[in-house]
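Colleague: Take this structure first; my questions come after.
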Amino acid sequence: MHFARFRSSPPCDHMPRMLDTLRRMGFEVHRVVMDSIDSDLSSIEVVYRTAGHLDPATFVARLQVMPGVCDVTAGKAPDGGWARRPVPTVERDGARTGELAGCMA
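For the sequence shown, the positions run 658 to 762 when my numbering is used.
Here you go:
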């Protein structure tokens, strides 16, 4: 398992792009967390499993060239599959932020 973490504004543009990139590469997504509580920039982390001959560095390189994406870090996911503790889901001004489960519509 591998992880990638980055900051983004606006996250609603980059989350689907990131997921589509993983899909096109044939990688399996395990979890995605978005945290936008304390900043104008959102922090997004994805944990995924590689498949086939493509390298995780290729995914990271594709992430780094997306306009509006910054502070990209990546590596092997530790035991629980997380580089950091998951963000709890919270409600702010009627909008939910935090851990996302399942598919995005």
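Glycine is no exception: its CB is placed at the ideal position from the N, C-alpha and C atoms.
Does DSSP put residue 722 in a helix, a strand or coil?
Modeller: Working through the sequence shown from its first residue, we reach residue 722 at position 65. Note: residue 722 maps to coil in three-state DSSP.
Colleague: What runs of the beta strand (DSSP E), each 3 residues or longer, lie entirely inside the stretch 677-717?
Modeller: 685-692 and 699-706
Colleague: Counting only the same chain and skipping the five closest in sequence on each side, list residues whose C-beta sits under 8 angstroms from that of residue 725.
Modeller: As a working mapping, residue 725 is identified with position 68 in the sequence shown. Close CB contacts of residue 725 within its chain, under the 8 angstroms cut and outside five residues either way in sequence, are with 665, 666, 667, 670 and 671 (chain order).
Colleague: What first and last residue would you give for the beta strand (DSSP E) that runs through residue 665?
Modeller: Taking the first residue of the sequence shown as position 1, residue 665 is located at position 8. Segment 659-665, the beta strand (DSSP E) holding residue 665.
Colleague: Assign residue 672 to one of three DSSP states: helix, strand, or coil.
Modeller: Along the sequence shown, one-based indexing puts residue 672 at 15. Residue 672 falls in the helix class under three-state DSSP.
Colleague: What is the rounded straight-line gap between the Cα of residue 729 and the Cα of residue 697?
Modeller: Numbered from its first residue, the sequence shown carries residue 729 at position 72. Numbered from its first residue, the sequence shown carries residue 697 at position 40. Taking the straight line joining both Cα atoms gives about 17 angstroms.
Colleague: Whose C-alpha, out of 686, 661 and 734, is nearest the C-alpha of residue 705?
Modeller: The residue you call residue 705 lines up with position 48 of the sequence shown. Nearest C-alpha to residue 705: 686.
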